[in-house]
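Residue numbers (the working numbering): 757 to 1021. Quick reminder that beta carbons are idealized off the backbone N, C-alpha and C, glycines included.
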């Protein structure tokens, strides 16, 4: 019998725990390689042999794919090391706004025949953006969320006292990713697939009347072409509920096909 693809999970929050549960299901054609969480006491339901306590030692667990669900700092600190031995899918794509880090990750993947994957997340039309990435003149992505679903911890704003729809930020995606790193991963994906982090415009709107998260993408081509997509979904924390299924499909695509060293899944 062929060996099942082995998946390592970093982070055991809302998304990480669900991925572990799905991988561990009897009918899943994947195998859990390891689980890491900054607070290991939260892993009481995980087989001790699968618990990683030091990310510098994950190579010993022979994961085919490592999925980061925790924090962009994981990619900054360990991403290059991961790619020397495993394929890597960071969900905290705001880490990739660092051009030097992104180049180091891509170069390491090429040198070691591994792959760095870019998760589609809440982005609708990512393949269309990527296919014409050199043809876009302007691209804008707008998030509309209830302030209770926006993490303001890295911004000079508490989010309190917003009585009506308010633009919290409008400008280059690179800048918004630095101010709201846990809120705009999909914006970073959009920018990397289209006009780049400095040219792609990101807009974050706080709207207390919303009970869902809305992601809108508009792209204008040099030849007059235009696309617009909109996705609405219930929100849990800073993510939409559909994010779980989107991430799961990204994992399945990542283990199912041969792709370029830096690819959308």
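Pick from 1012, 1021, 1018 that is closest to residue 761, judged by C-alpha positions: That would be 1012, whose Cα lies nearest to the Cα of residue 761.
Would you say the stretch 925–935 touches the stretch 980–987, given that touching needs at least three Cβ pairs under 8 angstroms? With a cut-off of 8 angstroms, the stretch 980–987 and the stretch 925–935 do not count as touching, because too few Cβ pairs lie within range.
Kindly indicate which three-state DSSP category residue 906 falls into: helix, strand or coil? In the structure shown, the three-state DSSP call for residue 906 is coil.
Closer than 8 angstroms is the cut-off here; do at least three beta carbon pairs connect the stretch 828–848 with the stretch 797–816? With the cut-off at 8 angstroms, the stretch 828–848 and the stretch 797–816 touch.
Reduced DSSP category for residue 889 - H, G, I as helix; E, B as strand; rest coil: Residue state for residue 889 is assigned as coil, using DSSP reduced to three classes.
Should residue 960 and residue 924 be called a contact, given that it needs their Cβ atoms to be closer than 7 angstroms? Taking 7 angstroms as the Cβ cut-off, residue 960 and residue 924 qualify as a contacting pair.
Distance, Cα to Cα, residue 787 vs residue 1008? Using only the alpha carbons, I get a separation of about 12 angstroms.
Could you compute how far the alpha carbon of residue 759 sits from the alpha carbon of residue 908? Here the alpha carbon of residue 759 sits roughly 44 angstroms from the alpha carbon of residue 908.
Excluding the five sequence neighbours on either side, which residues of its own chain have a C-beta within less than 7 angstroms of the C-beta of residue 784, listed in chain order? 778.
Quick check: residue 873 and residue 1010, are their CB atoms within less than 7 angstroms of each other? Yes, the pair counts as a contact, with Cβ atoms nearer than the cut-off.
Per DSSP, which residues does residue 843 bridge with? Please list them. Its beta-bridge partners are 821.
First and last residue of the uninterrupted alpha helix (DSSP H) at residue 777: Here the alpha helix (DSSP H) through residue 777 covers 770–780.
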